Amino acid sequence: MTTITILIVGVLFSTSVYLILQRNIIPILFGFSLLNHAANIFLLAVSGDPTGKKAPIVTLLGESYVDPLPQALLLTAIVIGFGVTAYLIVLLYRIYLSHSSTNIEDIYND
Amino acid sequence: MAIESLLLIAVFLPLFIAPVVGFFARSLSLNVAWIGIGTAITSASLIGRIIKLTKGLPFVISYNWVPAFDLQLSFLVDGLSLFFGLVITCIGAFVLFYARFYMSLKDENGRFFAYLMLFMFAMLGTVFSNHLLLTFLFWELTGVASFLLIGFLYNKPESQKGSLMALIVTGTTGLVMLLGILLAKSVFGTYDLSLLIAQRDSLVVVGALPTAVMALMLVGAFGKSAQFPFHFWLPNAMAAPTPVSSYLHSAAMVKLGIFLTARLFPIFSHNPYWGDIIVTVGFITMLIGAVYSILSHDLKAILAYTTVSQLGFLMGVYGLGHMQLLEHDFFHILNHVFYKASLFMVAGIVIHIVGTKDIRKMGGLFRIAPFAGMATLFACMAMAGLPGTMGFISKELMLETLLHNAQSHGGIAWVWVGTIIMSAICLFATSLRFFKTLFMGTVPLDLKDSLHAPGLWIQLPPLVLASCLIIFGLNPELLGHALAGLTVSGMHAIKMSHLALWHGLTTPFLLSLTISGLGVGLYTLFERKHWQMEIPKQLRFDTAFNNGLEGLATLSKRLHSWLRLDQSQDYLGIVISYIVLMSSGFILYYLPLSTIRFDWIRLEHIPATVIGFVICVFSIAVVTQKKWTTRLIALSVVGFFISFYFVIYRAPDLALTQMLIESVSLILMLLLLSKIPKGMAIKEEASVYTGAKKRVVLLISVLSGFVMMIVLWFLLSDPPATKLGDYFIDKTNSLAGGSNAVNTVVVDFRGFDTMGEISVLVIATLGILGLLMRWQGPTEESK
Amino acid sequence: MTNWIVLPTILPLLLGSILLVWRTPSVQRRWASALTFIGLIAVSKCLLWKTLSEKILILPMGGWKAPFGIFLSLDTLGAIMVTLALGVSLAALVYGFAQQSIEDEHPMRIPLIFFLVAGINLSFTTGDFFNLFVAFEIMLISSYSILTLEIKEKDVRHALPYLAINLIGSALFLCAGGIFYALFGSLNFADIAQLSAGYANDPRLIVASLMLVLIFGLKAGFFPLYYWMPNSYPSLPTPLAAIFAGLLTKVGIYVIIRIFVTVLPHTLLAPHQFILILAVPTMIIGILSALTQRTIRGVLCFNLVSHIGFMMVGIGILTEQSIAASIFYMMHHVLVIASLFLITGVVYRISGTDELESGGNIWKKAPWVGVLFLVQALALTGIPPLSGFWGKAMILQSAIEGSHWILVGSIVIASVLTLLSMIRIWFAFFWRDNPSTTLNLEGTGWKWMSLSAFALVLCTLVIGFAANPYIRLAQQASSSLFDRDLTINKVLSSPDIKSQSVHSESNGGHH
Amino acid sequence: MIDTRVKSPILAFFIRYIFFFITIFAVYIFLKGHNAPGGGFIAGIIFAISLVILNMALSADEMKQILHYDPLQIATTGLFIAYGTAIAPVFFGYPFMLHKMIHLHVPLLGNLHVGTPVLLDFGVFLVVVGVTTKMTFTFSHSSDSDINTLAQDESGLSNTNEEPVVAPTNEQATTE
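Chains as they are written, first to last, in my numbering: chain X, 1 to 110; chain C, 111 to 893; chain V, 894 to 1404; chain F, 1405 to 1580.
In structure tokens, the structure reads:
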């Protein structure tokens, strides 16, 4: 189980970094979106192997539940990430409007 | 009054007068100088009074200032500081008097005189301070004040150049000195000078660290006193108005290095390198200054180089450490103070008369400025070391000591004898030239019409100062009486009585005669060649300094662009690569990779494996697909499958949230893409990397995934600690009143995070609004 | 009383939201915001005074027992930083009032400043790793918004580097939070401090701590992580640039001090060595870049970067004295850099340019601006007894005592080059007759602007000339940072208010 | 892909009813959140998405009638509620953010623990609704010059110095 998570994290980080290093603002946006996912899964993985555990809706004490804290932290992180991504999208739009291009080289040599 | 208050008033009076001077300059115009003169005389007389009261015994006054940094406002009153205090204030009075008649500024008198007062304060502070840090403090203040004064005529390029050079050289050497001081604290355990001097016999000054302390502090002294290789700033500082030159370069600031060396002498003279360093530097400086002075043709530059030479001489006195020389150090210093101050004042007058600085275009001024001529005559005699002046006695003493030294030590000591003889010859020729060219002969034709006689008053200060040279030169005992009581602990008690005008037909005297003869010869030689020789370009340190500055600018520009700091589009790649490379370095270095435990995929993991596979495949598709639309679809598939993966991780809240957020993000991304024309998308596909660059990007991205994988792997090798989570599961019903532990954590256990989170959302909206409403702010004020 | 330490965070948040409702800029609105800041400064002074006797003030959020709830904790260092942040923001705010007429004021500017200050203050007061992340996000999203709020059309692109870099930083921060939770099962600083003592040689902790250096180095501006900074700051309006330059990088430094001195064990040497190694290029390359700049703000930005290196030296050496030195240097640097940016704004206002090539004439026409600039330039260089001297001397002293000669040399070189770069500005704008530049000295706006810059200059002068109490303060802050057991005990032994309240509630219900 | 100018009457008809049910669902999710998956954030975003879909179907004026308030004001109200919940305990001598619970039995919904956490959650709900709708509305309208004046009026955070961002005129915004 953890092996799969680890692999997902690795792939997501690699693809996101590759996209962020592109020369166009749209792939960069996609890259940051993937980077968010990558960090989120990393944080979630910290709660350990969920196999054989229950979701943290506690009806009976003494049973084995997954750790609720990483989930709660992640909830906050996802929402914050959403706010920032929304801002990033609009910023990229403004940059596109100001330079009429989505190419990083064009934008910075404008 | 008690000595404490006398001293404090004497030192701080100029500081308090400085703003007063600035304030009254508007109404009083140049007459504001009288306030300054009054101040200087008051300080001088207070110092005189202190001399009487202390009777030559050292005296320390201390107040706490910054005890947290061991800094006290501590002053040491002893022969050395009192002597320098007297010189500073007395010469200050003369200079102010001279400036009163010299300056002709319209609205900046206040500034000028205020700077001078500040300068006087800084120098008084330096010489009286008993605490090394305090010394440094005032030391830097003199640097700043001299920067302001050298650059006073700020719109001239040479003023800027000269002031920058002075500030950088004295500032840098000052910083080095600070290092020495801080090191001294950690080596000797105190900043207190009087304490150090008192313990000089028990202090261990031999060894690497004490020698480093000594060397670092001497660098400060060398910088301030324009010793080789820092000598070049002094001639360039001549851009200042002449009263400043006369104050800076004759009397006071450049002597601070000498002062410091004298202060340190009792502490460090036992160090085997003390003499070597100082004598070498001092005598090289002396020779360079003398040679350059004869090769210069700018009136003030000539004087500056003779100053450099003389400073080397004075420095060398402390290096030789010969008791007879040291006993008369005040005599040497005063000699220089008198003749150099008066010569500078004369130079100012002359430049004012003729309107040029080139000595080769001058001549025959005696009739126009007879008093200045007299002053020059006396001063040049002293500079040349002719009998009857203080300069003669000073030089004789030096020659005698050096010969003595050479006879007993041999070897390199003879080189120093040669050095002093050569410099004396050059100085002799320069003095001869100075007086002859300026005041003898006829007035050059092209100057005849523009000449106008200087006032009587302005000629008075140089004449008085120059007369002292003769008076004390003929009656050295007089000076001895005057300076009686200025005992310097660890160095000497003043015994000038045995100084005599005539020592008989000794070797030094014969040498003096030879020097005079050779000096005349040198002069004649140069006169024949019409003074056409210049200082060789490759030996001009000031051009080297300026080239160095330019080189620094070029170097930094190259470095700046080599590091691609000027390329905004490259920041991201550089920073990410750096982070990734560093992290992988750490991991390879620190994490024992062999201990990784592999967790095999079992049957119950099949759903997770499928979802994971989809996530991986589609995230790779985001990279590899060509069309933006396809990429976006792939991206949202990844997003939605991640919410399924959250389900596997038993996180229903997260799954729901992720799904919903993914939808809203998708809407926003679609909105963005809908606003960008399709043609743009196709065109932009061409702008991806090729070749080596692509491989580097690939490497960095793969490495980044690898790093995070390894880190996570390591974390999960041991079962993770879940202290907080266990508590939350335990208490969610009883204390937080809800069975959904995730929700209770979010709103109750860690509700504060949620408050922050919604604030972030609102602020992000504000940011978006700000972006979508283009601000047309007031253009000229928007910065 | 313990609730007071949330005031510097919650009050700006509250006022920021109120100003979103009270939208139209007016004189009353300005007064309200200025008075709030003044009130907050008074509060933070009280808090600072209280931390001196009580060492550390704690507030368990929601009454939860440590380490389970979020804890706010304020020690002397935090209180100093809060006070500085509020002071600088107030000066910048008043400067903005003088600079802009009410009609020209952007209605969102003041609310966003409040949100930014809230984020900064929360970073200084929080005692919880994840809450620090939230605080950072509040601070960052406000700073992005401020950056693009009044930006010029073509400058929008300069927001992207800043945003992108910080997005990466945030993602890594999140991962680091995960690592810490996985290692210790806790997020509370005091709790981690207690637990981490047994992890001193754990390779995972070493790697995590090195990653933290990189993450917060991004914020603080370590070499080469500062690449985003020099383009972003100059596109801001002056008062906002002053807040950014003065405070945002210092938050990074603060967090590094907090985490590496109070949370992680001192036996963990690798991160400190790493910081020391990075300090040298930060100082040297930063200041060399300053020499290439053509605008005052460019020069100041790179000076800022370079001087971060000084603080890094103090942190890397890690003795009580060196941390005190860094803290004092930070206090000085916040004020000096902020005031220099404000003075630059005045210069821009009266000469219409901040390009070194086209400036001039100010010394003749407006000498007071020159005096302000010169004093701050010398303070920045570290001419005694101005504020920069004490910090630098203290850092040098620690470096000398630790025999770090390369660092000592770098500090000296950086100081000299700082002087050179500032003198370049001085020559270009003050000591030059430039017939093509005409100064616009009409109106009183620039005088009021200079006045608020002067207020900050006055603060640095006080810190410089009456350095003793401030050095003592820094030393006290440092010594309470090193007194880890006290902090740990105080936080972990805090009463369980929540269960008490729940029990009293249920008891009350029965009777 | 989303052309904001097309207002479909059929879609509008359906959406009005769907909207009603979604609202009920959102309220349910919100109230159950403390004990089952859900809560203020999820409810808020569900409600916001329904508003966004509604926005696609309705004209700006109709939308304005339904919403009645500027979304940003809704969000700010949410902030006030959240901050208020956090600050209130201070006045009773408790630490900041301390929550109090009241146990209620409500028919249909079963055992409810109503308490101050619900207030905080409600604040979250309002913020999320306000923020999400504000973001999407403003952004979707920003290329449309006549709707932009609406956005301007709504926000109130603008003045004469502001000019709406308009896409370059020579390049028609086209869908992919």
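We put the CB at the ideal spot given by N, CA and C, even for glycine. Here the structure is a predicted model, which means the values were calculated and not measured.
Which residues DSSP lists as bridging residue i, in chain order
{"i": "V/Thr1019", "result": "V/Leu965"}
{"i": "C/Leu306", "result": "In the DSSP output, where bridge partners are listed per residue, C/Leu306 has none listed."}
{"i": "C/Phe169", "result": "C/Val187"}
{"i": "V/Lys1047", "result": "Answer by DSSP bridge pairing: none, since V/Lys1047 is not bridged."}
{"i": "V/Thr1188", "result": "V/Glu1248"}
{"i": "F/Gly1519", "result": "F/Met1505"}
{"i": "V/Tyr1079", "result": "According to the sequence displayed, residue 1079 of chain V carries Ser and not Tyr. Note: V/Ser1079 sits in no beta bridge, so no partner."}
Classification of residue i by the beta-carbon crowding that lies within 10 angstroms, buried from 16 upward
{"i": "C/Lys450", "result": "buried"}
{"i": "C/Thr511", "result": "buried"}
{"i": "C/Pro646", "result": "exposed"}
{"i": "C/His562", "result": "exposed"}
{"i": "V/Gln1369", "result": "buried"}
{"i": "C/Gly631", "result": "exposed"}
{"i": "C/Asn174", "result": "exposed"}
{"i": "V/Val899", "result": "buried"}
{"i": "V/Thr1041", "result": "buried"}
{"i": "C/Val314", "result": "exposed"}
{"i": "C/Thr767", "result": "buried"}
Neighbourhood of residue i by C-beta distance below 8 Å, restricted to the same chain and skipping five residues each side
{"i": "V/Thr1188", "result": "Pro1127, Asp1247, Glu1248, Leu1249"}
{"i": "F/Asp1557", "result": "Confidence at F/Asp1557 is low in this model, with a pLDDT of 43, below 50, so its placement is unreliable and the value that follows should be read with caution. So the list is empty, once near-sequence residues are dropped."}
{"i": "V/Lys948", "result": "Asp968, Thr969, Ser1373, Asp1376, Leu1379, Thr1380, Lys1383"}
C-beta atoms of residue i and residue j nearer than 8 Å
{"i": "V/Phe1017", "j": "V/Phe1066", "result": "no"}
{"i": "C/Leu259", "j": "C/Leu358", "result": "yes"}
{"i": "C/Met532", "j": "C/Phe476", "result": "no"}
{"i": "V/Ile1013", "j": "V/Met1032", "result": "yes"}
{"i": "V/Leu1169", "j": "V/Ser1102", "result": "no"}
{"i": "V/Leu1060", "j": "V/Ser1035", "result": "no"}
{"i": "C/Phe824", "j": "C/Ile706", "result": "yes"}
Any non-hydrogen atom of the ligand NAP closer than 7 Å to residue i Cβ
{"i": "C/Leu242", "result": "You won't find the ligand NAP in this model; it holds no ligand whatsoever."}
Residues near residue i by beta carbon distance below 7 Å, same chain, minus five either side
{"i": "C/Tyr633", "result": "Ala539, Leu542, Arg543"}
{"i": "C/Leu192", "result": "Ile157, Ile160, Ile161, Leu596"}
{"i": "V/Ser982", "result": "Phe930, Ile1006, Val1010, Ile1136"}
{"i": "F/Asn1459", "result": "Met1467, Phe1541"}
{"i": "X/Ala38", "result": "Val9, Leu12, Phe13, Ser16"}
{"i": "V/Phe1026", "result": "Phe1066, Leu1067, Gly1070"}
Beta-carbon contacts of residue i that lie in its chain and below 6 Å, excluding the five residues immediately before and after
{"i": "V/Arg1325", "result": "Gly1253"}
{"i": "C/Ala534", "result": "Ile625"}
{"i": "C/Leu370", "result": "Ala331"}
Determine which residues of the stretch 742-766 of chain C have a Cβ less than 7 Å from any Cβ of chain F, and write them out in chain order.
Listed by position, the residues of the stretch 742-766 of chain C near chain F (Cβ gap below 7 Å) are Pro762, Asp763, Leu766.
To be precise: take each residue of the stretch 82-98 of chain X, compare its Cβ to all Cβ atoms of chain V, and keep it if any distance is under 7 Å. Which residues remain?
With the criterion set as a beta carbon lying under 7 Å from some beta carbon of chain V, the members of the stretch 82-98 of chain X are Gly83, Val84, Tyr87, Leu88, Leu91, Arg94, Ile95, Ser98, in sequence order.
Residues of the stretch 855-873 of chain C with Cβ closer than 9 Å to any Cβ of chain F, in chain order
The stretch 855-873 of chain C vs chain F, Cβ under 9 Å: Val856, Val857, Asp858, Gly861, Phe862, Thr864, Met865, Glu867, Ile868, Ser869, Leu871, Val872.
Which residues, in order along the stretch 930-962 of chain V, keep a beta-carbon less than 9 Å from a beta-carbon of chain F?
Contact residues of the stretch 930-962 of chain V toward chain F are Leu952, Pro953, Met954, Gly955, Gly956, Trp957, Gly962 (C-beta to C-beta distance below 9 Å).
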